[in-house]
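S.K.: Going by the numbering used here, the first residue of the sequence shown is number 1, and it counts up by one from there.
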Amino acid sequence: MSTPRPFFYATGPSAKTGGTLVGAALLLGVGLLCPLQAVWGAEHTHHARQAGATSAHKKKHTSQQGTPTPDTLPNARPPAHGKVGHSVLQAQAAVEAARAQHLAMEQEKKRQAEAIEASRLKNEAAQAAAMQARNQALALSAATVAATSQLHDTEQHISDLSERINAIRDEQRNLQNALRTSAQALAPILPLAERLSLYPSDTLLAAPVPQGEAVTGFLILRGLSRQMEVQAQGMRTQQARLSAVDADLSAQYATLAGLKQNQRQQRDTVRQQAARARITQQQASKLAQNTAQQLLAATQRASSLQDAIARLDALEDTARAALQREIAAAEQAHQAERVRAARQQEATLSQNQGPGLAEHSTGTGSQPVAGKLVSGWGVASDSGPTTGMTYRTPPGASVRAPCSGSVDFAGAFRSYGQMVILNCGRHYRFVLAGLSELGVDTAQSLTKGAPVGHMSAAGSSATLFIQLRNGQKTVNPAPFL
1 MSTPRPFFYA
11 TGPSAKTGGT
21 LVGAALLLGV
31 GLLCPLQAVW
41 GAEHTHHARQ
51 AGATSAHKKK
61 HTSQQGTPTP
71 DTLPNARPPA
81 HGKVGHSVLQ
91 AQAAVEAARA
101 QHLAMEQEKK
111 RQAEAIEASR
121 LKNEAAQAAA
131 MQARNQALAL
141 SAATVAATSQ
151 LHDTEQHISD
161 LSERINAIRD
171 EQRNLQNALR
181 TSAQALAPIL
191 PLAERLSLYP
201 SDTLLAAPVP
211 QGEAVTGFLI
221 LRGLSRQMEV
231 QAQGMRTQQA
241 RLSAVDADLS
251 AQYATLAGLK
261 QNQRQQRDTV
271 RQQAARARIT
281 QQQASKLAQN
291 TAQQLLAATQ
301 RASSLQDAIA
311 RLDALEDTAR
321 AALQREIAAA
331 EQAHQAERVR
341 AARQQEATLS
351 QNQGPGLAEH
361 STGTGSQPVA
371 GKLVSGWGVA
381 SDSGPTTGMT
391 YRTPPGASVR
401 APCSGSVDFA
411 GAFRSYGQMV
421 ILNCGRHYRF
431 VLAGLSELGV
441 DTAQSLTKGA
451 PVGHMSAAGS
461 SATLFIQLRN
471 GQKTVNPAPF
481 L
């Protein structure tokens with residue numbers, strides 16, 4: 001009889017199910033091994049004692065009968081310990097199966113851990129790419145500030161020059177009207193004055209009036225002649241001034257043409273740079289696109305500007321609250337990577353929204369658009385005090401970002417036309433309404449002074465409305481511009 005093969009004992013599994021199966025298999029194996037050893041030992045002793053007797057007995061039967069006994073037949077019953085050996089094999093197979101299941105579970109856990117790690121790395125890579133794209137967009141936005149500033153100065157010069165040209169043209173018209181009026185007043189007496197200057201005596205003698213009245217008339221005409229001379233001198237002065245005004249106006253028009261040529265070139269440069277920044281941010285990440293869709297949806301559902309600002313504020317508060325809950329849950333679960341990711345998202349949210357505005361800013365005197373202020377903040381009107389500032393702008397004037405931050409909304413809104421809501425951070429938002437062309441997208445990051453769009457190029461009645469809000473409250477924007 002061959003000795004049974006030894007068992008292979010598996011290490012304790014970490015999974016609950018695997019541990020139960022292996023434990024049961026081990027108990028079964030131990031239970032079967034105990035009776036196996038007892039039976040096998042007893043039978044081995046019995047066979048040792050009876051070896052000689054059995055041999056003699058077999059020889060006796062062979063010699064006496066000449067036929068094999070039932071014990072020597074090929075189909076004789078197997079020994080009793082064969083069933084036990086089969087059970088041992090089953091137990092060993094169960095142990096091997098449990099061990100294989102345990103190994104499979106360990107491999108599955110390893111695959112899951114690798115998948116989680118790959119997902120984490122992918123998420124970190126996406127966030128890093130989004131941050132890199134955002135920084136690149138901010139760098140491009142900052143690069144446009146210098147060109148936009150030059151364009152703004154040119155446009156402001158054009159606006160000032162246009163005002164001066166308008167004043168010169170008004171003076172020109174006044175001089176022309178004065179000369180025309182003086183000429184009309186002198187026209188009836190010019191023939192008589194000319195005759196008196198040529199033939200004074202003959203003119204008086206020929207008059208059908210008494211001599212005394214003729215002398216009086218002569219004296220009157222003499223005084224009138226002096227008055228006419230003064231008027232004529234005034235007309236000559238006005239004419240000289242008119243000639244100077246005409247020359248000045250021609251020079252101003254030439255300067256204006258040169259400025260407009262510079263404006264076109266600078267505007268093309270600004271638009272190209274702004275387009276690069278815009279495209280770069282559009283390709284930043286799907287997260288930014290999802291944020292943009294949420295902001296657009298929240299704003300387009302609003303029934304008024306007040307409602308739109310309220311929805312944007314609520315969306316910002318909801319995002320911050322969700323991140324705070326995520327951080328708290330991750331800290332409670334002692335998941336450091338999850339905490340770090342949530343804090344990074346929170347920091348990114350704060351960076352995107354901007355640094356906020358100083359409460360007691362003295363302003364820099366740099367208005368966001370060239371032109372003239374026609375209505376200040378808090379001025380009485382038919383609908384109550386004004387809630388913002390209104391500028392009359394030159395045609396096609398560029399509009400600059402009054403603060404650094406992110407665009408909460410960019411598009412047409414109700415009766416405001418093309419409008420931009422710029423989130424400066426800390427619940428400060430600038431509203432710029434009345435633009436003709438937008439150069440930014442929702443969720444785009446901007447630096448202060450970067451271009452956001454242009455005013456209408458047709459006509460001279462374009463107006464830009466600027467409003468500043470801190471939460472739901474309107475604030476005077478003048479100190480922050």
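Cβ atoms here follow ideal geometry from the backbone N, Cα and C, with glycine treated the same way.
(1) Kindly list the residues whose CB is nearer than 6 Å to the CB of Gln136, restricted to its own chain and excluding five residues on each side of it in sequence; keep chain order.
(2) Could you have a look at Ser436 and say whether DSSP puts it in helix, strand or coil?
(3) Is Phe413 helix, strand or coil when you go by DSSP?
(4) Would you mind reading off the limits of the beta strand (DSSP E) that contains Arg469?
(5) So is Tyr253 buried or exposed if we call it buried at 16+ other beta carbons inside 10 Å?
(6) Decide if Ser381 is buried, meaning its Cβ has at least 16 other Cβ atoms within 10 Å, or exposed.
(7) Could you say if the stretch 424-431 and the stretch 182-193 meet the contact criterion of at least three C-beta pairs nearer than 8 Å?
(8) For the candidate residues Cys403, His86, Leu468 and Ala370, whose alpha-carbon lies nearest to that of Trp377?
(9) From the DSSP secondary-structure annotation, give me the bridge partner or partners of Asn423.
(10) Taking the C-alpha atoms as reference points, what is the distance between Leu256 and Ala178?
(11) Could you spell out where the beta strand (DSSP E) holding Pro451 opens and where it closes?
(12) Let's test the definition: count the other Cβ atoms within 10 Å of the Cβ of Ala237 and tell me whether it reaches 16, buried, or not, exposed.
(13) If His454 and Gly396 are in contact, beta carbons under 8 Å, what's the gap, nearest whole angstrom?
(14) Does His86 pass the burial test, meaning 16 or more other C-beta atoms within 10 Å, or should it be called exposed?
(15) Look at the alpha carbon of Leu161 and the alpha carbon of Glu171, and state the distance between them as a whole number of angstroms.
(16) Between the C-alpha atoms of Thr269 and Ala310, what's the straight-line distance to the nearest angstrom?
(17) At the level of alpha carbons, what is the spacing between Gly371 and Ala329?
(18) DSSP three-state label for Thr393, please.
(19) Hey, Gln367 and Leu481: beta-carbon distance below 8 Å or not?
(20) Specify the secondary structure class of Lys448 as computed by DSSP and reduced to three states.
(21) Helix or strand or just coil, what does DSSP make of Gln418?
(22) Which same chain residues end up closer than 6 Å to Ile421 when comparing Cβ atoms and leaving out the 5 residues on each side of it in sequence?
(23) Determine the DSSP secondary structure at Thr387, reduced to helix, strand or coil.
(24) Per DSSP, which one or two residues make a beta bridge with Val145?
(25) Please list, in chain order, all residues of the same chain as Arg343 whose beta carbon is under 7 Å from its beta carbon, the five residues on each side excluded.
(26) May I have the straight-line CA-CA distance separating Asn476 from Arg264, to the nearest angstrom?
(27) Give the single residue among Ile165, Asn423 and Glu331 whose Cα lies nearest to the Cα of Ala247.
(28) Determine whether the beta carbon atoms of Ser415 and Ser436 lie at a separation below 8 Å.
(29) Whole angstroms is fine: what's the gap from Arg325's alpha carbon to Ile158's?
(30) Where do the N-terminal and C-terminal ends of the beta strand (DSSP E) with Arg475 fall, by residue?
(31) Taking the beta carbon of Pro402 as the centre, do at least 16 other beta carbons fall within 10 Å, making it buried, or is it exposed?
(32) On a Cα-Cα basis, can you pick out the residue from Val379, Leu438 and Ala450 that is closest to Arg400?
(33) Give a yes or no on whether 8 Å exceeds the smallest Cβ distance from Gln90 to chain B.
(34) Since Arg169 and Leu249 are thought to touch, with beta carbons under 8 Å apart, how far apart are those beta carbons, to the nearest angstrom?
(35) Between which two residues does the beta strand (DSSP E) containing Val374 stretch?
(36) With Ala277 and Ser141 assumed to form a contact (beta carbons below 8 Å), what rounded beta-carbon distance in angstroms separates them?
M.R.: In this structure, then:
(1) Thr280
(2) coil
(3) coil
(4) Thr463 to Asn470
(5) exposed
(6) exposed
(7) no
(8) Leu468
(9) Ser406 and Arg429
(10) 28 Å
(11) Pro451 to His454
(12) Sequence check: residue 237 is Thr here, not Ala. Thr237 comes out exposed.
(13) 6 Å
(14) exposed
(15) 15 Å
(16) 37 Å
(17) 53 Å
(18) coil
(19) yes
(20) coil
(21) strand
(22) Asp408, Phe409, Arg429 and Val431
(23) coil
(24) Note: Val145 sits in no beta bridge, so no partner.
(25) Ile327
(26) 33 Å
(27) Ile165
(28) no
(29) 54 Å
(30) With the sequence shown as reference, residue 475 is identified as Val, and Arg is not the correct amino acid for it. Counting along the chain, the beta strand (DSSP E) containing Val475 begins and ends at Lys473 to Val475.
(31) buried
(32) Ala450
(33) Judged by its chain identifiers, the structure shown contains no chain B, having just a single protein chain.
(34) 7 Å
(35) Lys372 to Ser375
(36) 5 Å
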